[in-house]
Amino acid sequence: LCGCCILGFGIYFLIHNNFGVLFHNHPSLTLGNVLIIVGSIIMVVAFLGCMGSIKENKCLLMSFFALLLIILLAEVTLAILLFLFETKLTEYVSMGLNDSFQRYKKDNDTRIAWDSIQSFLQCCGVNGTSDWDIRPPPSCPSGPEVKGCYMRAEMWFHSNFLYIGIITICVCVIQVLGMSFALTLNCQIDKTSQALG
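Numbered per UniProt numbering, the sequence shown spans residues 1 to 197.
Right, dumping it as structure tokens:
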């Protein structure tokens, strides 16, 4: 069910969200594509676990356990890499925003994406209104203290960091519980088969 929801969100973001054009060096690495891949993997893993428990099939249960372990290790590795290369990541985001900002007047998709992000984050340009040569577009909020979109995105991430952390920990706990249930059921199948002779 969780996999279906994530897959649905991924399809929605793929159709309605055009922020991917802001980082045109990696056009396939958009939120929609990532959610579709993650949702599909979760659905396959959940199907293996469900079928393994219904059929009491040890092979399916151990496949479920192994896949959950791989996913958990991948998540931990990703978290460590994000922590270690935080400055590189922020540089990449800054360069991507600056690069796409230069294409604002030339590319319609980039213009739509920038207008969307400026309206959503209530920001203007990459570093502020001074980024615009003549005058900012209508999507920029008016006022003397308007911040750049890079800073506003950073502020949004830091203000929601606690929620992101709680969700990540909950997902990891659910994965560990799933692995524990798979091992417990696997041992129970062994005991039942030994008792039956």
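Glycine is no exception: its CB is placed at the ideal position from the N, C-alpha and C atoms.
As the structure is a computational prediction, the values presented were derived from the model and not from experiment.
Alpha-carbon to alpha-carbon, residue j and residue i
i    : j    : result
Y12  : A46  : 22 Å
F101 : S142 : 19 Å
S63  : V38  : 18 Å
D99  : G148 : 15 Å
L61  : G178 : 10 Å
V176 : T90  : 31 Å
F9   : S53  : 28 Å
C187 : N57  : 11 Å
W114 : S130 : 16 Å
C124 : W156 : 15 Å
M51  : V44  : 11 Å
E154 : D190 : 52 Å
S103 : I36  : Sequence check: residue 103 is Arg here, not Ser. When rounded, the distance between both Cα atoms is 28 Å.
S139 : L97  : 16 Å
I112 : A74  : 34 Å
A182 : I71  : 15 Å
V76  : F83  : 11 Å
Range covered by the alpha helix (DSSP H) that runs through residue i
i   : result
G96 : 86-102
Residue i, DSSP secondary structure in three states
i    : result
W156 : helix
Q122 : coil
N127 : coil
K191 : helix
R111 : helix
I134 : coil
S116 : helix
Residue i at chain D interface by Cβ criterion, 7 Å
i   : result
G96 : You won't find chain D in this structure, because it holds only one protein chain.
> Residue ranges of each alpha helix (DSSP H) run of no fewer than 4 residues wholly in the region 42-87, ordered along the chain?
Replying inline: If we require 4 residues or more, the alpha helix (DSSP H) runs fully inside the region 42-87 come out as 58-84.
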